[in-house]
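Down below is the structure, laid out as structure tokens.
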Amino acid sequence: MNHKKLVASVVLSITLMQAPSAFAMELLKYGSRGQAVVSLQQTLNRLGYNTGGIDGIFGSATRNAVIALQKKFGLSPDGIVGPATEAVLNRTVVSGVSSRGAYVRTSNLSIVSIAGRYLGTPYVYGGTTPAGFDCSGFVQYVFRQAGKSIGRTTYDQYAGGRPVSLSDLQPGDIMFFSTSGNGPTHEGIYIGDNRLIHMSDSSKKAAYDDFSGWFRTYYIGARRYY
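For the sequence shown, the positions run -24 to -1, 1 to 202 when mature numbering (1 follows the signal peptide of the UniProt record, and there is no 0) is used.
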């Protein structure tokens, strides 16, 4: 994979605007864990608040980062990502250079956070609801929850959006794979750090996987819808 060179100095600017919820699918506080915390930590770090790492664990460093942000925006410094703190984060577009030399918006992270809510949902052929998804039904449902309408089938989704090179992948991009050589046969959502979430054929449920092995062999491209 070709990586862009990192910009030596990272310039962060905050532009207030309405964006879909990126974090508080659940209340985030000390002791919380999971992909929503990863998304929170990524955004806090890009805003200049040190969370002590991006590990998906809401520990003391993450709480201190939240408190610092709350103080800056005149919120009650309780260290909890409740509705008021969420509103500040979700109305913010982060114009910063990511670890891949690309820009990442909170709306992208919203897609990742929403997808993580359905981890473990069973695979159902033709499924389009949390009772059970197939691969394209899962992706379509997640994007709909984030306020974005996309096609129903893997073919439709591959035909839409904007093509993205492998070196420019950002969280929230849709990754496509083919075992037939005649168009996409599987897909998932890139979540960053060389990983994706998808409806796993092997485990028959929504799961995280590394972009390696089978996925790298059968990868045919990605699309961006935001």
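Positions of the beta carbon are idealized from the N, C-alpha and C atoms, including for glycine. Note that the structure is a prediction, hence the values are computed from the model and not measured.
message: Measuring only the C-alpha atoms, how far is Pro160 from Arg39?
response: 42 Å
field: Start and end residues, beta strand (DSSP E) containing Phe187
entry: Phe187 -> no beta strand (DSSP E), and no H or E assigned at all.
task: List the residues that DSSP assigns as beta-bridge partners of Tyr99.
output: Phe109
- prompt: Candidates Pro147, Gln17, Ser89 and Ile165: which alpha carbon is nearest Thr130's?
  reply: Looking at the Cα atoms, Ile165 is the closest of the given residues.
- request: Mind checking which residues open and close the beta strand (DSSP E) that includes Ser143?
  value: Per DSSP, Ser143 belongs to no beta strand (DSSP E) and is neither H nor E.
field: Beta-carbon proximity list for Gln17, same chain, < 7 Å, skipping 5 on both sides
entry: Same-chain partners within the cutoff: Thr27, Ile30 and Thr38.
- request: Quick one: give me the first and last residue of the beta strand (DSSP E) that Ile43 is part of.
  value: No beta strand (DSSP E) contains Ile43, which is instead part of the alpha helix (DSSP H) from Ser36 to Lys48.
message: Quick test of your reading: Pro98 and Lys180, contact by CB under 8 Å. State the CB separation rounded to the nearest angstrom.
response: Right, the Cβ-Cβ distance comes to about 6 Å (below 8 Å), so this counts as a contact.
- request: Would you kindly report the start and end of the unbroken beta strand (DSSP E) that includes Leu16?
  value: Taken as a continuous stretch (DSSP letters only), Leu16 belongs to no beta strand (DSSP E), being part of the alpha helix (DSSP H) at Gln11 to Arg22.
- prompt: Per DSSP, what kind of secondary structure is Leu65 in: helix, strand or coil?
  reply: helix
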